[in-house]
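In full-length UniProt numbering, the protein residues as written are 1 to 415.
Glycine residues also receive a C-beta, built at the ideal position from the N, C-alpha and C atoms.
Keep in mind it's a predicted model, so treat the numbers as computed, not measured.
Listed below in structure tokens is the structure:
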């Protein structure tokens, strides 16, 4: 939208100039009816996504600190949905509907909300990396698990989460001072008389340009993309190997059961003959105490049931582990799709700027830029808003936890 394009405009630092003299009106992106309806619909999705992620946060809060990564991710997703409404939904509202009240309110909070959105966008991929790395460690050998044990202990999870949040705020803090709302009093269009623009020092500072458009892009977009792609690939490979190994294990269990049955069939005649033997004690005939065949059968059955329960318990734990891994894989895959589009947009903003500008007015975005930037924003938003459905689909335990939480809340309303 216009704030993203306005900041992207600062990618080439130039000497200080008087913007009011060179441009009569502020940077602007128009809204066709189709675009307005799409942004409105996505804003509605983000509204529900905000509450869905708060629901996930409440569920994960009950199992802290073991679920601190997932709880932090839910909080960040809720903030993404919240900032989308304030940045894009309100923007579409005042531009298309010509609502002056929304126009004034928007330009009061825009710098703070824009900074918050940048912090959240920076933190999300690193929270995903931590959560994925933890799943990677689960599928690793004992030596690797021991090495990462301090990191993924209860205290370690909390510390790493705080570190990620602190780094995100610190590295994105410059952008809070790099943008401002500028006035264009001579503009005949009331809704272009204010616009978000880079500050003078941000436009003229080459170090800031290198930091914001090279270092940050590498840290936030490029590096997480390849790390998550690598970790996901390794995890998928290990799960496939484990699945192949389960087939021989199941075959061995069936062989053991068959051998036990064959053993019982072999000793059954011997037990029957032994039961008919008698001995004389003090002239009385008494039956020799022998092991009844029912007792032997019961022993065999007990051992088989015990082994079956142990196998089933291990299989259940492995299934829970796999479900947690599959859930994170689905979340990471959705993020990688968004990040791929973002990488394309970033490349065009750096090297193909002529494709993003209107040929008749450099202060207007091209249709291609509008569609691509909207697609990036919408895919990020939807991937955050539908997180609860990914959890519910891929993780039966978490699905049950969500249902139990809602039932308890529903019951508590009646008391």
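- Within the region 56-81, not a single complete beta strand (DSSP E) segment reaches 3 residues in length.
- The beta carbon of residue 380 sits closer than 7 angstroms to the beta carbons of 80, 338 from its chain, once the five residues preceding and following it are set aside; these are given in chain order.
- Here the C-alpha atom of residue 90 lies approximately 15 angstroms from the C-alpha atom of residue 192.
- Bridge partners of residue 194 according to DSSP: 183.
- When secondary structure is reduced to three states using DSSP, residue 153 falls in the coil class, being assigned neither helix nor strand.
- The continuous alpha helix (DSSP H) containing residue 394 extends over residues 387-394.
- By the C-beta density criterion, residue 118 is buried, having at least 16 other C-beta atoms within 10 angstroms.
- In the three-state reduction of the DSSP assignment, residue 205 falls in the coil class, being assigned neither a helical nor a strand state.
- The Cβ atoms of residue 175 and residue 127 lie no closer than 8 angstroms to each other.
- Taking the C-beta atoms as reference points, residue 332 is found nearer than 8 angstroms to residue 132.
- The three-state reading of DSSP puts residue 41 in helix, counting H, G and I together.
- Between residue 88 and the set 106, 151, 72, the nearest pair of CA atoms involves 106.
- The three-state secondary structure of residue 380, taken from DSSP, is helix.
- Judged by DSSP secondary structure, residue 140 falls outside any alpha helix (DSSP H); it is assigned neither H nor E.
- Using a Cβ distance threshold of 8 angstroms, residue 170 and residue 123 do not count as a contacting pair.
- A straight line joining the alpha-carbon of residue 63 with that of residue 157 spans about 13 angstroms.
- Rounded to whole angstroms, the separation of the alpha carbons of residue 334 and residue 388 is 13 angstroms.
- Between the alpha carbons of residue 94 and residue 103 lies a distance of about 5 angstroms.
- Cα atoms of residue 336 and residue 228: separation of roughly 8 angstroms, rounded to the nearest angstrom.
- In this structure, residue 136 sits away from residue 39, with a CB-CB distance that is not shorter than 8 angstroms.
- A contact between stretches requires three or more CB pairs, one per stretch, nearer than 8 angstroms, and the region 341-348 meets this requirement with the region 205-225.
- Taking the C-beta atoms as reference points, residue 26 is found nearer than 8 angstroms to residue 194.
- Around the Cβ of residue 76, a 10 Å sphere holds 16 or more other Cβ atoms; the residue is buried.
- At least 8 angstroms separates the beta-carbon of residue 51 from that of residue 85.
- In the DSSP assignment, residue 97 falls within the unbroken alpha helix (DSSP H) covering 90-97.
- Buried is the label assigned to residue 349, since at least 16 other Cβ atoms lie within 10 Å of its Cβ.
- By the Cβ neighbour-count rule, residue 60 is buried, with 16 or more other Cβ atoms within 10 Å of its own.
- Rounded to whole angstroms, residue 190 and residue 35 show a C-alpha spacing of 21 angstroms.
- With respect to the 8 angstroms criterion, residue 196 and residue 210 are not classified as neighbours on the basis of their beta carbons.
- With contacts defined as CB atoms closer than 8 angstroms, residue 44 and residue 161 fail to qualify as a contacting pair.
- Assignment of residue 25 by DSSP, reduced to helix, strand and coil, places it in the coil class.
- Inclusion of residue 67 and residue 53 in the CB contact set at 8 angstroms is not warranted, their separation being larger than that value.
- Contact between residue 217 and residue 199 is ruled out by a C-beta separation of about 20 angstroms, above the 8 angstroms threshold.
- Ranked by Cα distance from residue 141, the options 30, 238, 372 are led by 238.
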